[in-house]
Structures are given as structure tokens and as C-alpha cells.
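Residue numbers (the working numbering): 8 to 97. Quick notes on the structure that follows.
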């Protein structure tokens, strides 16, 4: 629920936070993805994000993911891995 307040030069904490999607950006994108009046296609067909939607690992090979990135286990178990607002877009 914060804006992009980070400014260069980035510290370790701001470096990690600067590239994450914010709720406001997801809100704006959700409104762009609504269908145009009289057309049967969304305004935005695709978008790219560095963030993972929350819980997305449940739809793939989580064992393989954990072999490559074992440090994800704690966040997966606690439900902290991924972006909840981004999952709403899916």
C-alpha cells in the first residue's frame, strides 16, 4: 500500500522493494483489462511482471522449484511468496 518512494542510490532494502508491483498499479491494470463496450476482447491482452501472483507455485512443479530455490520454502509455507493483488488479476 505504498507508492514508489525509493530514490537512487538504492540500499539493500530499497533495491528489493523498487521492482515490486504496487496495489495501485494492479488496480489501474485491472481497470485497463475490462472489456471495451461492444467488443469481445480485453483492452490489454498480456502484461509482464517481475512479481509472482500469490500461490502461483501451487499450479506448477513445486518440488522442482524448491530444488532450484530452497530458500522459497519458508515463504511458501507461510503464504508470503507472491503478490496477492497480482493473483486477483488472474
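We treat Cβ as the ideally placed atom computed from N, Cα and C, and that holds for glycine.
Give me the Cα-Cα distance between residue i and residue j, rounded to the nearest whole angstrom.
i          : j          : result
residue 80 : residue 73 : 7 Å
residue 3  : residue 70 : For residue 3 there is no data in the structure shown, the boundaries of the chain being 8 and 97.
residue 30 : residue 94 : 11 Å
residue 35 : residue 96 : 11 Å
residue 66 : residue 84 : 15 Å
residue 19 : residue 46 : 46 Å
residue 82 : residue 75 : 15 Å
residue 44 : residue 68 : 39 Å
residue 33 : residue 78 : 27 Å
In or out: residue i buried (at least 16 other Cβ within 10 Å) or exposed?
i          : result
residue 51 : exposed
residue 92 : buried
Can you list, in chain order, the residues of its chain with a C-beta nearer than 6 Å to that of residue i? Leave out the 5 residues immediately preceding and following it.
i          : result
residue 59 : 89
residue 39 : 50 and 51
So, at 7 Å on beta carbons, what are the nonlocal neighbours of residue i in its own chain, with the 5 sequence-adjacent residues on each side left out?
i          : result
residue 62 : 89 and 94
Leaving aside the five residues before and after residue i along the sequence, list all residues of the same chain whose C-beta is less than 8 Å from its C-beta, in chain order.
i          : result
residue 37 : 95 and 96
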